[in-house]
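Protein chains in written order, with this note's numbering: chain A, 3 to 197; chain B, 3 to 197.
No residue lacks a Cβ here, since even glycine has one placed at the ideal position from N, Cα and C.
Fair warning: this is a prediction, and the values are worked out from it, not measured in the lab.
Just below is one structure, and these are the notes that go with it.
Number of protein chains: 2
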Amino acid sequence: MTTREGLTARQRILETSYDLFSQRGVRDVGVDEIIARSGVAKATLYNHFPTKNHLVLAFLDLREERWTFEMVETEARARGQTPEEQLLAIFDVFGEWFRREDFDGPAFISVLLEMGRLHPLGQASIQHLENINALVAGMAEEAGLREPHEFALSWHILMKGSIIAAIEGDTDAAPRAKTMARHLVEQHRLTDARA
Amino acid sequence: MTTREGLTARQRILETSYDLFSQRGVRDVGVDEIIARSGVAKATLYNHFPTKNHLVLAFLDLREERWTFEMVETEARARGQTPEEQLLAIFDVFGEWFRREDFDGPAFISVLLEMGRLHPLGQASIQHLENINALVAGMAEEAGLREPHEFALSWHILMKGSIIAAIEGDTDAAPRAKTMARHLVEQHRLTDARA
DNA sequence: TCTAACACAGACGGACCTGTCTGTTCAATA
DNA sequence: TATTGAACAGACAGGTCCGTCTGTGTTAGA
């Protein structure tokens, strides 16, 4: 089952796909390149993933696990003492992500724009984006903010906008978004008077 | 030079490309489809545009003319009495754009994500996005806001974020962004006390 | 030792892509 | 009328892509 490096063929395929898809997009990377790079036979790939679309779906799931949950949620929760601070820490995590030399860009948004919202992969991406929304809404609820769902939708605009800005080259997109995010939190605090 | 419908071959090619590229992205549409749809010979297309990339560049220029200037700038300026109102009116224009049945999504961001920031088409898209930034900065200057360039970068985050949210399905992304935009304006007003 | 499951290697078909090429038609102009 | 430039029509080459297929090797367990 396992070969050199202690990874199964399926794992090697998925790891290679993760790297290539993240860096260059799902349309620019063909199965032949994935096969060559992961040192796997074509039949093996198609044994584990019936079509390329299935492989992309597996990639998106893995992306959610690593990016949404391990990088964004776990890191943000670890950096803040209070739920409010944890929310704001998302943009500190973003700031470091934006500056990494291997900054890979937004997988869900890229797939959504590449494939369109009607395509199955676009639909899957929308679902993953909604999961991010639910995550933010949950943290807003923990922070005792009012209208956590509406809050999350606005918050997510800041997240997505700052990511695109970072790709464009704005290296300070994260602190910029964080400032706006702070005002949004203030607007949603129950104890605060409404503007 | 001109044929039926009074359009030159070049114009027909560009109009067809505009519709197809806007709706489905530059990677999903091949030159054969553009030829068939615009009723033009292949040699004619390659007479006017040396490569497909040249055609995409012409599309991006046309997009800037129609979307950035005619739709966003002109409409926003027409709807507001004061420069501040004109800035905020951008999100009213967005609100109507998002709800149009032929809402076509963000061309510059899509091409940037599809091709990558190093590709010539990605570079061209970044340039067009920076032109939007300059436009916003100019309007901020007219409104007498402090730090118009920094303001524009934050403002643009709201624009881009709301567009992605709209594609995702958030039909109220525009008013949501407008609320945050209003607070951003307040933060940059000279006459206002800082927080 | 034999067998069954898995993985490797790579050819192949059919569809698509971009860009080039040949040849024809048509309209304006000299 | 003759010519010239532009566009039409479509075959074609060279490449890529996805997915199928055949055949070989390797490993684990009965």
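Where Arg29 (chain B) sits in the DSSP three-state scheme: If DSSP states are grouped into helix, strand and coil, Arg29 (chain B) belongs with coil.
Rounded distance between the beta-carbons of Leu62 (chain A) and Ala126 (chain A), thought under 8 Å: The pair is a contact, with the Cβ atoms about 6 Å apart (cut-off 8 Å).
Ile111 (chain A) at chain B interface by Cβ criterion, 7 Å: Under the Cβ criterion of 7 Å, Ile111 (chain A) is counted among the residues facing chain B.
Neighbourhood of Ala179 (chain B) by C-beta distance below 6 Å, restricted to the same chain and skipping five residues each side: Within the same chain, Ala179 (chain B) has close Cβ partners Phe93, Leu160 and Ser164.
C-alpha gap between Arg191 (chain B) and His185 (chain B), whole angstroms: Inter-residue distance for Arg191 (chain B) and His185 (chain B) is about 10 Å (C-alpha atoms, whole angstroms).
Exposed unless 16 or more other CB atoms sit within 10 angstroms - verdict on Ala38 (chain B): Burial call: exposed.
Contact list for Asp172 (chain B) against chain A, beta-carbon separation under 7 Å: For a Cβ distance threshold of 7 Å, residue set Leu155 of chain A lies close to Asp172 (chain B), ordered along the chain.
For Leu123 (chain B), the nearest candidate out of B:Arg68, B:Glu77 and B:Gly27 (CA to CA): Taking each of B:Arg68, B:Glu77 and B:Gly27 in turn and checking the Cα distance to Leu123 (chain B), the smallest one comes out for B:Gly27.
Bridge partners - Arg191 (chain A), DSSP secondary structure assignment: Arg191 (chain A) has A:Leu147 as its beta-bridge partners, per DSSP.
Proximal chain B residues relative to Arg119 (chain A), where beta-carbon distance stays under 7 Å: For the C-beta of Arg119 (chain A), the chain B residues within less than 7 Å are, from N- to C-terminus, Ile169.
Neighbourhood of Leu131 (chain A) by C-beta, 7 Å cutoff - its chain only, sequence neighbours within 5 removed: Cβ neighbours of Leu131 (chain A) beyond the five flanking positions: Phe110.
Endpoints, alpha helix (DSSP H) assigned at Thr46 (chain B): Taken as a continuous stretch (DSSP letters only), the alpha helix (DSSP H) holding Thr46 (chain B) covers Lys44 to His50.
Ala197 (chain B) burial status per 10 Å Cβ neighbour count (16 or more: buried): Unreliable placement is indicated for Ala197 (chain B), whose pLDDT of 46 sits below 50; the coordinate value is still reported in the next sentence. Around the beta carbon of Ala197 (chain B), a 10 Å sphere encloses fewer than 16 other beta carbons of the protein chains shown; the residue is thus reported as exposed.
Enclosing alpha helix (DSSP H) for Phe110 (chain B) [first to last residue]: Element bounds for Phe110 (chain B): Ala109 to Met117.
Own chain partners of Asn55 (chain A) with C-beta closer than 7 Å, once the 5 adjacent residues on each side are dropped: Cβ within range, chain order: Pro122 and Leu123.
Whole-angstrom distance between Thr10 (chain B) and Ala91 (chain A), CA atom to CA atom: Using only the alpha carbons, I get a separation of about 56 Å.
Interface flag, Arg29 (chain B) vs chain A, CB-CB below 7 Å: Residue contact with chain A for Arg29 (chain B): present (Cβ-Cβ distance below 7 Å to some residue of chain A).
Rounded Cβ spacing between Ile166 (chain A) and Lys162 (chain B) (contact assumed at less than 8 Å): Sure, about 4 Å apart at Cβ, within 8 Å.
Neighbourhood of Arg81 (chain A) by C-beta, 8 Å cutoff - its chain only, sequence neighbours within 5 removed: The residues Glu87, Gln88, Ala91, Asp94 and Val95, in chain order, have a CB closer than 8 Å to that of Arg81 (chain A) in the same chain once the five nearest residues on each side in sequence are set aside.
Val42 (chain B) versus B:Leu64, B:Ser19 and B:Ser24, residue with shortest Cα-Cα distance: Considering only alpha carbons, the answer is B:Ser19.
Cβ shell of Gly140 (chain B) (< 7 Å), same chain only, five flanking positions each side left out: Nothing listed; no residue qualifies.
Nearest-angstrom Cα separation, counted from Phe23 (chain A) out to Val31 (chain A): Straight across, the Cα-Cα distance linking Val31 (chain A) with Phe23 (chain A) is about 7 Å.
Where Thr84 (chain A) falls: helix, strand or coil (DSSP): Three-state DSSP puts Thr84 (chain A) in coil, outside helix and strand.
For Met73 (chain A) and Ala60 (chain A), the rounded distance between their alpha carbons: The alpha-carbon atoms of Ala60 (chain A) and Met73 (chain A) are separated by roughly 18 Å.
Whole-angstrom distance between Ile169 (chain B) and Leu16 (chain A), CA atom to CA atom: Using only the alpha carbons, I get a separation of about 28 Å.
Gly107 (chain B): contacting residues in chain A (beta-carbon distance under 9 Å): Those within 9 Å of Gly107 (chain B) in chain A are Leu115, Gly118 and Arg119.
Neighbour flag for Leu160 (chain A) against chain B, beta carbons, 7 Å: Using beta-carbon distances, Leu160 (chain A) counts as an interface residue toward chain B, with a partner under 7 Å.
Min CB distance Ala91 (chain A) to chain B below 7 Å: It does not; no Cβ of chain B falls within 7 Å.
Leu192 (chain B) at chain A interface by Cβ criterion, 7 Å: For Leu192 (chain B), the answer is no, since every Cβ of chain A falls outside 7 Å of its Cβ.
Own chain residues within Cβ distance below 7 Å of Leu64 (chain A), not counting five before or after: Leu16 and Tyr20, listed in sequence order.
Whole-angstrom C-beta distance between Ile134 (chain B) and Leu114 (chain B), which should lie under 8 Å: The pair is not a contact, with the Cβ atoms about 12 Å apart (cut-off 8 Å).
For Thr173 (chain B), the nearest candidate out of B:Met117, B:Ser112 and B:Phe105 (CA to CA): Ranking B:Met117, B:Ser112 and B:Phe105 by Cα distance to Thr173 (chain B) puts B:Phe105 first.
Contact belief for Ala154 (chain B) with Pro85 (chain B) at Cβ below 8 Å, rounded distance in angstroms: Between Pro85 (chain B) and Ala154 (chain B) the Cβ distance is about 13 Å, and since that is not below 8 Å, they are no contact.
Per-residue DSSP class, three states only, for Thr10 (chain B): Correct three-state label for Thr10 (chain B): strand.
Secondary structure of Arg102 (chain A), DSSP reduced to three states: In the structure shown, Arg102 (chain A) adopts coil according to DSSP, grouped into three states.
Chain A contact for Ala183 (chain B) (CB, 7 Å cutoff): No, no contact with chain A.
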